[in-house]
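In the order they appear, the protein sequences are chains A and B.
For the first sequence, our numbering begins at 1 and goes up steadily by one.
For the second sequence, our numbering begins at 1 and goes up steadily by one.
To start, the structure under review is shown below, and the notes come after it.
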Amino acid sequence: MSEHSHSEEHHVTSYKPYFIVWVILMILTAVTVYVSYLDFGTLNIVIAMVVASIKATAVALFFMHLKFEDKITWLFAIFPLVLLFLLISMTIVDTFTRITP
Amino acid sequence: MEQANTEHSHGLEMDPQVEYSSSKLGMWLFLGTEIMLFGGLFAAYAIFRAKYPEMFLEQHQELNREMGAINTCILIFSSLTMAIAVTAIQKGKRMMSAILILVTLICGLGFGVVKYFEYGAKFAHHIYPDTSIFFSLYFMMTGLHMLHVFIGLIVLGVLMVLTWKGTFNEKYSTPVELGGLYWHLVDLIWIYLFPLLYLIG
């Protein structure tokens, strides 16, 4: 193993970042619960999904170490999300553009 | 990667680094299929919610938002302990890692207990999967998630025993890391299920 590539070694982090991420996750959970008691109309689901996505990103990047993974792992992680987006958006478009007699 | 052990067909001589990164890549691929598995249900949710918004709004109030919030906290905490367990074993701290996996496991059990009471309360109110489209989705999505929690508990149990017995160390901890990835995915899916089912409906 002469050449040293960033992906070849375990990335051993210290414990501290995990606690920071955890505190952020708890704050965002509190935010999401709090916002659900308020009425913003359709904005409610947008806020809830944005907050959930920030939380999911934090979990993936830090708890799942995606931040330290190589490009191919990123590709494997992102590609299902693209498919998921296609699945949901296409079925919605289909459902609401049908002409019902 | 091509030149790595062409003559060793039994594969025992594989470069540990290659083995490590391909195991992890395989796990991410599996997690991708898991996302697509739940994706079908999320798509169904999106369609029916868009079609019957008043039904979702009305019926989601039957769900116990406090219990959902408690379970969210439990799962996020269990993700934290699992992440630390992985780092601990990578630093060679065997006992610390085993204890943290045990804590993760207890949290997972706690999640199951809360869910058990939630389901029990629904059944007591005569709410079943065939009550409505909303509850059909609720039981299917949380049920499939619960199945993943159960599988995760088995994985964690095995990992805890093996870590305790000293199978893993700072040089080799791939199964702990992969088990951790699976557990974090279970957490990640719940992060979406909680607001979609309990908070907005």
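Where is the CB? At the ideal position from N, CA and C, for every residue including glycine.
Remember, it's a predicted structure, so these values are computed and weren't measured experimentally.
Between the CA atoms of residue j and residue i - distance to the nearest angstrom
| i | j | result |
| --- | --- | --- |
| V59 of chain A | H184 of chain B | 7 Å |
| E66 of chain B | F168 of chain B | 39 Å |
| L75 of chain A | L84 of chain A | 14 Å |
| L193 of chain B | D187 of chain B | 10 Å |
| V31 of chain A | L66 of chain A | 25 Å |
| K71 of chain A | Y128 of chain B | 45 Å |
| F79 of chain A | I92 of chain A | 20 Å |
| I50 of chain B | T87 of chain B | A small correction: the amino acid at residue 50 of chain B is Ala; Ile does not occupy that position in the sequence shown. One C-alpha to the other measures close to 43 Å. |
| S22 of chain B | E69 of chain A | 12 Å |
| W164 of chain B | M95 of chain B | 6 Å |
| F150 of chain B | L57 of chain B | 30 Å |
| I189 of chain B | F38 of chain B | 8 Å |
| S136 of chain B | A44 of chain B | 11 Å |
| S53 of chain A | M14 of chain B | 38 Å |
| A121 of chain B | Y20 of chain B | 45 Å |
| V23 of chain A | C73 of chain B | 11 Å |
| N44 of chain A | V35 of chain A | 7 Å |
Three-way DSSP call (helix, strand, coil) for residue i in this model
| i | result |
| --- | --- |
| R65 of chain B | helix |
| Y172 of chain B | coil |
| L31 of chain B | helix |
| P16 of chain B | helix |
| P195 of chain B | helix |
| S22 of chain B | helix |
| H65 of chain A | coil |
| L144 of chain B | helix |
| T100 of chain A | coil |
| S14 of chain A | coil |
| H184 of chain B | helix |
| H60 of chain B | helix |
| N40 of chain A | Note that residue 40 of chain A is Phe in the sequence shown here, rather than Asn. Three-state result, F40 of chain A: coil. |
Per-residue contacts from residue i into chain B (C-beta, under 7 Å)
| i | result |
| --- | --- |
| I45 of chain A | I200 |
| V50 of chain A | Chain B residues near V50 of chain A: none, gap ~10 Å exceeds 7 Å. |
| K55 of chain A | I191 |
| L87 of chain A | G39, A43 |
| L25 of chain A | I76 |
| F76 of chain A | L25, W28, L29, G32 |
| I72 of chain A | L25 |
| T32 of chain A | P195, L199 |
| F63 of chain A | S79, A83, H184 |
Sequence-distant residues of the same chain with beta carbon closer than 7 Å to residue i, five excluded per side
| i | result |
| --- | --- |
| M160 of chain B | A98, I101, L102, L105 |
| F139 of chain B | P129 |
Contacts of residue i in chain B (Cβ-Cβ under 8 Å)
| i | result |
| --- | --- |
| F79 of chain A | G32 |
| F68 of chain A | Those do not exist, as F68 of chain A stays about 11 Å from chain B at its closest Cβ, beyond 8 Å. |
Amino acids of chain B, ordered along the chain, whose beta-carbon sits closer than 9 Å to that of residue i
| i | result |
| --- | --- |
| I92 of chain A | A43, A46, I47, A50 |
| T29 of chain A | A69, T72, C73, I76, I191, F194 |
| V82 of chain A | Ordered by position in chain B, no residue passes the 9 Å Cβ test against V82 of chain A, which lies about 10 Å from the chain. |
Interface residues of chain A facing residue i [CB-CB closer than 9 Å]
| i | result |
| --- | --- |
| K165 of chain B | Under the 9 Å cutoff, chain A gives no residues; its nearest Cβ is about 21 Å from K165 of chain B. |
Residues near residue i by beta carbon distance below 6 Å, same chain, minus five either side
| i | result |
| --- | --- |
| F40 of chain A | none |
| A85 of chain B | S97, L100, I101 |
| L178 of chain B | M27 |
| S173 of chain B | I89, Q90 |
| M36 of chain B | none |
| L197 of chain B | Y138 |
Proximal chain A residues relative to residue i, where beta-carbon distance stays under 8 Å
| i | result |
| --- | --- |
| T87 of chain B | V12, T13, S14, Y15, Y18 |
| I35 of chain B | P80, L81, L84 |
Close-in-space but distant-in-sequence residues of the same chain around residue i (CB under 8 Å, 5 per side omitted)
| i | result |
| --- | --- |
| T29 of chain A | K55 |
| V155 of chain B | G179, Y182, W183 |
Check: residue i C-beta below 8 Å from any heavy atom of the ligand SAH
| i | result |
| --- | --- |
| S14 of chain A | Here there are no bound small molecules, and the ligand SAH is not part of this structure. |
Using a beta-carbon distance cut-off of less than 7 Å, what residues from the stretch 182–194 of chain B approach chain A? H184, D187, L188, I191, Y192
Return the residues of the stretch 65–83 of chain B that lie within a Cβ-Cβ distance of less than 8 Å from chain A, sorted by chain order. R65, A69, T72, C73, I76, F77, S79, L80, M82, A83
Residues of the stretch 109–135 of chain B in Cβ contact with chain A at a cutoff of 7 Å, in chain order, please. none
Near-chain A residues of the stretch 151–165 of chain B (beta-carbon distance less than 7 Å), N- to C-terminal order: none
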